[in-house]
Amino acid sequence: MVIDRLYGEDESYILYLLEVHKRVSNQELCEALHLSTSTVRKKLAKMEENGLLIRTHGGAASIDADRDETMSRKSRMNLQNKKAIAKAAARLIRDGDVISLGGGSTVAELAPYLMTLKNAVVLTDSTVLSTLTIPNRNLEVHINSGIVRGRTGCVVGPSSDNLFRAYQADKAFIGCDSFDLESGAGSDNILVGKVEQVMLKCAKERYILCDSTKLNQSTLCSFAKIPEITALITDDEANPEYIKRVKEAGVIVIVEPIVRSQ
């Protein structure tokens, strides 16, 4: 099951409240959303059906706290694939660019290439990416506001997309947890997906960084459909037949060779 194009504002706010408080009551939701008890119950029932929360007596509880892999664990998985993808992405960045960087571990591998970048602006939803890029004094680094997810360092919440709406980024580089022809790029976390959907929307060029193990897979929510993507960047362990199908769907695909030890 894939939640197409993310949920509406009410559902996203419910997930945000659960992110912060872990449990909320029906009464609290009614007051926060200005909805009737019956409407709140229907929303919670639908969200539970889609695997987004657990309904409790008189309210709901979060099931999302441990859904994400930690950043430290993610960064060790398929590392050479991610390094190859980052190398290809780095060739697209120029001095003076305004770039949006998502919070994924593949995007984090871009950081070393940004240390010589000049007169550029970095916009990010990740405490990890901001920490990795601020050592370059020639970069102007901005991070959005909201609640920091402890496991990944991504910043989410109702106003977390304001930063990206305020700028016209030249290029956005966003990682994903899955990519398929029907759903496009997907995220395991609906709140992260919601922010990064805006990051892509507000950029002139939109790049999805996806290692080959995530291709032809689907996850909880879709945040970028095929027509919205400038290019998919992946590694050379990707299935050639699948890459052909992606290209036939109208997507530019950049396949970067992995540097393998002799």
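When you number the sequence shown by the working numbering, it's gap-free, plus one each residue, and the end is 270. Heads up, the beta-carbon is just placed ideally off N, CA and C, and yes, glycines get one too. For clarity, every value in this text was computed on a predicted model and none was experimentally measured.
Is residue j closer than 8 Å to residue i when the C-beta atoms are compared?
i	j	result
Met207	Ile234	no
Val130	His150	yes
Ala257	Ala232	no
Leu23	Ile155	no
Glu27	Val164	yes
Lys179	Ile251	no
Val2	Ala92	Any answer about residue 2 is impossible in this case: the structure gives the chain only from 9 up to 270.
Ser195	Thr227	yes
Glu61	Ile71	Looking at the sequence itself, residue 61 is Leu, so the reference to Glu does not match. Against a cut-off of 8 Å, the Cβ pair of Ile71 and Leu61 comes out as a contact.
Thr139	Leu122	no
Take residue i as the anchor and find which of the options has the nearest alpha-carbon.
i	options	result
Lys212	Val203, Val164 and Phe172	Phe172
Val115	Arg157, Thr45, Tyr215 and Ser230	Tyr215
Ser186	Ile251, Ala180 and Cys229	Cys229
Thr45	Ala68, Gly59, Glu57 and Glu249	Ala68
Gly158	Ser134, Cys210 and Ile93	Ser134
Asn247	Thr221, Val267 and Arg268	Thr221
His65	Gly59, Glu57 and Leu52	Leu52
Ser20	Asn34, Val267, Ser167 and Gln35	Ser167
Ala94	Leu118, Ile101 and Cys38	Leu118
Lys202	Asp243, Cys162, Ser226 and Leu223	Cys162
Leu109	Lys209, Leu37, Gly59 and Arg253	Lys209
Ser125	Gly104, Thr139 and Gln176	Looking at the sequence provided, one finds Leu at residue 125 rather than Ser. The candidate whose alpha carbon is nearest that of Leu125 is Gly104.
Gln205	Leu41, Asn170, Leu223 and Gln225	Asn170
Thr160	Ser113, Glu57 and Gln225	Ser113
Is the shortest distance between the beta-carbon of residue i and the beta-carbons of chain C less than 8 Å?
i	result
Gln205	The question asks about chain C, but that chain is absent: this structure has only one protein chain.
Under 8 Å by Cβ, that's how I've got residue i and residue j pegged, so tell me the actual separation to the nearest angstrom.
i	j	result
Ile262	Ala96	5 Å
Asn146	Asn127	6 Å
Val32	Leu25	5 Å
By how many angstroms is the C-alpha of residue j removed from the C-alpha of residue i?
i	j	result
Gly111	Ile237	18 Å
Pro265	Met85	17 Å
Leu189	Leu240	12 Å
Cys218	Lys90	8 Å
Arg49	Asn34	7 Å
Cys38	Thr47	9 Å
Cys184	Ser191	12 Å
Glu36	Gly59	21 Å
Ala177	Lys30	34 Å
Ala174	Arg102	21 Å
Leu223	Glu249	12 Å
Leu41	Thr132	29 Å
Asn144	Glu17	37 Å
Lys54	Arg63	10 Å
Asp244	Glu57	38 Å
Going by DSSP, what residues sit across from residue i in a beta bridge?
i	result
Lys179	Ile107 and Glu213
Arg31	Ala69
Phe187	Ala193 and Leu223
Cys162	Ser134
Ser168	Paired residue(s): none; Ser168 is not in a bridge.
Arg63	Ala68
Ile151	Thr132
Val203	According to DSSP, Val203 bridges with nothing at all.
Thr242	Val263
Cys218	Cys218 pairs with nothing; no bridge assigned.
Val156	Val163
Say the cut is 7 Å; is the CB of residue i nearer than that to a heavy atom of the ligand FAD?
i	result
Met85	The model depicted lacks the ligand FAD and carries no ligand whatsoever.
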